[in-house]
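Colleague:
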Amino acid sequence: MGTYLNPGNSGFTRIRNDSYVDKSSLISCMNESIETPRSLTCISRPRRFGKSFAAQMLCAYYDKTCDSSGLFDDLAIATDRQINGSYRQHLNHYDVIYLDMTYVRPFTDDFQNLIPYISERIMGELSEAYPSLKQSNELPSMMIQAVEATGNKFIMIIDEWDPSH
Numbered sequence: 007m008g009t010y011l012n013p014g015n016s017g018f019t020r021i022r023n024d025s026y027v028d029k030s031s032l033i034s035c036m037n038e039s040i041e042t043p044r045s046l047t048c049i050s051r052p053r054r055f056g057k058s059f060a061a062q063m064l065c066a067y068y069d070k071t072c073d074s075s076g077l078f079d080d081l082a083i084a085t086d087r088q089i090n091g092s093y094r095q096h097l098n099h100y101d102v103i104y105l106d107m108t109y110v111r112p113f114t115d116d117f118q119n120l121i122p123y124i125s126e127r128i129m130g131e132l133s134e135a136y137p138s139l140k141q142s143n144e145l146p147s148m149m150i151q152a153v154e155a156t157g158n159k160f161i162m163i164i165d166e167w168d169p170s171h
């Protein structure tokens, strides 16, 4: 498990260990967009309405480096007969890149350094996870190599931040 690549399910485990309102039906919406032209999905909510919880849930659900079935088997996503096939098909099946922008922002002195900083960190984690990848200075190139080498597709989850706060 890395900071950016395949962060695991510990964040969602902490959430489930506290009071949790089941929002797992969101996963079926996400699953419906996989392998379609709608491959980019934006989940917009007001401040303090659970975007970070949703991001942690999605990381735990998609991350192939962990077994999250115990976190989801009692939730709506697993028990709804109409979406159950989708639930098992995608559970812990992807490489996940997770960017929590509130964590990334303090490590860059200005916005112009943000993209290079993020790209460098993700490429480093990709190199560790997949040592056979050719080194590249371009994140998309390394991601394509990883998909070609492993057959694993990426799910990218970005937890945004409000730069005015």
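If you read the sequence shown in our numbering, its first letter stands for residue 7, the second for the next number, and so on. Think of the CB as a built atom: it goes at the ideal place given N, C-alpha and C, for glycine as much as any other residue. All values reported here derive from a predicted model rather than from experimental measurement.
#1: Check the DSSP bridge columns for phenylalanine 59 and list the partner residues they point to.
#2: Pop quiz: isoleucine 164 and methionine 107 are said to be a contact at Cβ under 8 Å. What is the actual Cβ separation, rounded to whole angstroms?
#3: Tell me, please, whether the segment 44-63 touches the segment 131-145 by the rule of three or more beta-carbon pairs shorter than 8 Å.
#4: Taking alanine 66 and leucine 77 to be in contact with their CB atoms under 8 Å, please state how far apart those CB atoms are, rounded to whole angstroms.
#5: Suppose the cutoff is 7 Å on Cβ atoms and the five residues either side in sequence are ignored; what does the same chain contact list for serine 92 look like?
#6: Please name the residue, chosen from Phe160, Asp101, Asp79 and Val102, that lies closest to arginine 94 on a Cα-to-Cα basis.
#7: Can you tell which of Arg44, Asn15, Leu11 and Gln62 has its C-alpha closest to the C-alpha of lysine 29?
#8: So, helix, strand or coil for isoleucine 161, using DSSP?
#9: Quick one: what's leucine 105 bridged to in DSSP?
#10: Using the C-alpha atoms, what's the distance from leucine 32 back to lysine 57?
#11: Helix or strand or just coil, what does DSSP make of leucine 139?
#12: Could you give the distance in angstroms between the alpha-carbon of proline 122 and the alpha-carbon of threonine 47?
#13: Around the C-beta of asparagine 119, are 16 or more other C-beta atoms found within 10 angstroms, so that it is buried, or is it exposed?
#14: Nearest to serine 74 by CA position, among Gly14, Gly8 and Tyr10, is which residue?
#15: Which same chain residues, not among the five before or five after asparagine 148, have their C-beta less than 7 Å away from its C-beta?
#16: How big is the Cα-Cα spacing for isoleucine 124 and proline 137?
Modeller: Judging by the given coordinates:
#1: Mapped onto the sequence shown, residue 59 falls at position 53. Paired residues: none, contrary to the question.
#2: As a first step, residue 164 is located in the sequence shown; it is residue number 158 there, counting from the start. As a first step, residue 107 is located in the sequence shown; it is residue number 101 there, counting from the start. Rounded, the Cβ-Cβ distance is 7 Å, consistent with contact.
#3: no
#4: Within the sequence shown, numbered from 1, the residue matching residue 66 stands at position 60. Within the sequence shown, numbered from 1, the residue matching residue 77 stands at position 71. Between leucine 77 and alanine 66 the Cβ distance is about 6 Å, and since that is below 8 Å, they are a contact.
#5: Translated into positions along the sequence shown, residue 92 becomes position 86. Cβ within range, chain order: Ser34 and Asn37.
#6: Position 88 of the sequence shown, counted from the first residue, corresponds to residue 94. Comparing Cα-Cα distances from arginine 94 to each of Phe160, Asp101, Asp79 and Val102, the minimum goes to Asp79.
#7: As a first step, residue 29 is located in the sequence shown; it is residue number 23 there, counting from the start. It is Gln62.
#8: As a first step, residue 161 is located in the sequence shown; it is residue number 155 there, counting from the start. Three-state DSSP puts isoleucine 161 in a strand.
#9: On the sequence shown, position 99 is the one that residue 105 refers to. Leucine 105 pairs with Ile164.
#10: In the sequence shown, counting from the first residue as 1, residue 57 sits at position 51. In the sequence shown, counting from the first residue as 1, residue 32 sits at position 26. Whole-angstrom Cα-Cα distance: 11 Å.
#11: Counting from one through the sequence shown, the residue named residue 139 turns up at place 133. Three-state DSSP puts leucine 139 in coil, outside helix and strand.
#12: As a first step, residue 122 must be located in the sequence shown, where it is residue number 116. As a first step, residue 47 must be located in the sequence shown, where it is residue number 41. Roughly 24 Å between the two C-alpha positions.
#13: In the sequence shown, the residue the question calls residue 119 occupies position 113. Classification for asparagine 119: exposed.
#14: For the purposes of this step, residue 74 is taken as residue 68 along the sequence shown, with counting starting at 1. Residue Gly14 is the option with its Cα nearest to serine 74.
#15: Along the sequence shown, read from residue 1 onward, the residue named residue 148 stands at position 142. It should be pointed out that residue 148 corresponds to methionine in this sequence rather than to asparagine. Met129, Leu132, Leu139 and Ser142, listed in sequence order.
#16: Residue mapping note: residue 124 aligns to position 118 of the sequence shown, counting from 1. Residue mapping note: residue 137 aligns to position 131 of the sequence shown, counting from 1. Approximately 19 Å between the Cα atoms of the pair.
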